[in-house]
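Read through the structure below, which is laid out as structure tokens, and then see the notes.
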Amino acid sequence: MKKKTAIIVIVTLSVLLAVTTGITLCLALDDHPLKAKPIPNYYANKLTSPYIPENMMFAGEKVPLDVYYVREGLDRELIINCYQHSKTLRIFKLSTRLFPVIEKILEEEGVPEDFKYLCVAESGLENVISPAGAGGYWQFIPATAKVYGLTVTNDIDERYHLEKATRAACKMLKKCRNQFGSWTLAAAAYNRGEGGLQAAINSQSCNSYWDLWLNAETSRYVYRILAFKLMFDNPQLYGVELCPAQMYQPIPTEEITVSSSIEDLAKYALDKGITYKELRDLNPWIRNSKLVVPPGKSYNLKIPKKSKDNFRDLFKHVENPFAIIGDTIPASLRNPNTGQ
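This is the structure in structure tokens:
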């Protein structure tokens, strides 16, 4: 009996010791740096339906948002691009550097400013090449690029020249505008091709982009442009919060006219006091390690005014570099359900 009692006492004491030790450890670890912290409720973790305004214009033309399939088409592209965070964030950062160049040329060429968003829809403001062989910011295929005056060779590819490619895009868009009678159809023709769009118009006896039955890519194309227009016009409304200090600022450059071939661009760069990387980054239309200049022709090379420009120097001209871009949401665009 005494032995049984002793065993019960020992077991009871062991249990009490284990419980006491556990409580002590929990209290000790309560403020431990490795203790898991609550996960912040970021906007990226929420699923909300993007806001669509009651009225919208594109290139001076009304978008019929009262038609259900038009509204749903825009909604689809807003959902995709609002939640495609890495790509959309990159586009916003690049826009500060590239939009001023594009906007200036669009104005000079008489093309509505809204078409800068076509460039966004085409390439994401990147000098990329598609599986179909379309290249550059405006995604020209080689044959079309040559039609609109761009040089495309193994050494020189002006589809990657922002200024020249933008002017070529303007020529094409104006031609399509004259042919189809509206800027909206001109945008569709830029994607589908003039022949393909004309065939659809003829077969359906319809000359409204919104009402045409088109291939999958073109049927979404203008809506994608509209989605980017809305997001850039009201970034905070779509969850984008950036300040100028987080954007890619324009790089101050100067141009050098070259009228004879350069056999070694790396050596040329060093002679100019810059790196070969800087030379190639600022002149992406050069596709080789040398520059071949045909007789009677010349090229303008961009070089930085200051090699390896300090990051902070790029913001000297920016007022309030840490102010959130688009931090005022117009009352007319506030969510009617939340007032925000």
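Heads up, our numbering is the position in the sequence shown plus 950, with the first residue counted as 1. Glycine is no exception: its CB is placed at the ideal position from the N, C-alpha and C atoms.
- Counting along the chain, Val1097 sits inside the alpha helix (DSSP H) bounded by residues Pro1092 to Val1097.
- Using a Cβ distance threshold of 7 angstroms, Leu1176 and Leu1024 count as a contacting pair.
- Nearest to Leu1056 by C-alpha distance, out of Asn1005, Gly1146, Met1122 and Cys1156, is Met1122.
- Contact between the stretch 1118-1138 and the stretch 1060-1069 is present, with at least three C-beta pairs closer than 8 angstroms.
- Judged by DSSP secondary structure, Thr1116 falls within the alpha helix (DSSP H) whose first and last residues are Leu1112 to Phe1130.
- Gly1085 carries a strand assignment under DSSP once its states are collapsed to helix, strand and coil.
- The Cβ atoms of Ile1253 and Lys1217 lie no closer than 7 angstroms to each other.
- The C-alpha of Val1172 is placed about 39 angstroms away from the C-alpha of Val1242.
- DSSP places Met1181 within a helical segment (H, G or I) once states are collapsed to three.
- The alpha carbon of Thr998 has as its nearest neighbour, out of Ala1009, Ile1029, Met1006 and Glu1011, the alpha carbon of Ile1029.
- About 4 angstroms separates the beta carbon of Thr1046 from that of Met1197, a gap short enough to meet the 8 angstroms contact definition.
- Taken through DSSP and simplified to helix, strand or coil, Ile1201 comes out as coil.
- CA-to-CA, the gap between Cys1193 and Pro1200 works out to about 15 angstroms.
- Excluding sequence positions up to five before and after Leu1044, its CB lies within less than 6 angstroms of the CB of Leu1075 and Tyr1198, all in the same chain and listed in chain order.
- Of the other Cβ atoms in all chains shown, fewer than 16 fall within 10 Å of the Cβ of Asp1016; this residue is therefore exposed.
- By the Cβ-count criterion, Cys1032 is buried, with 16 or more other Cβ atoms from all chains shown falling within 10 Å of its own Cβ.
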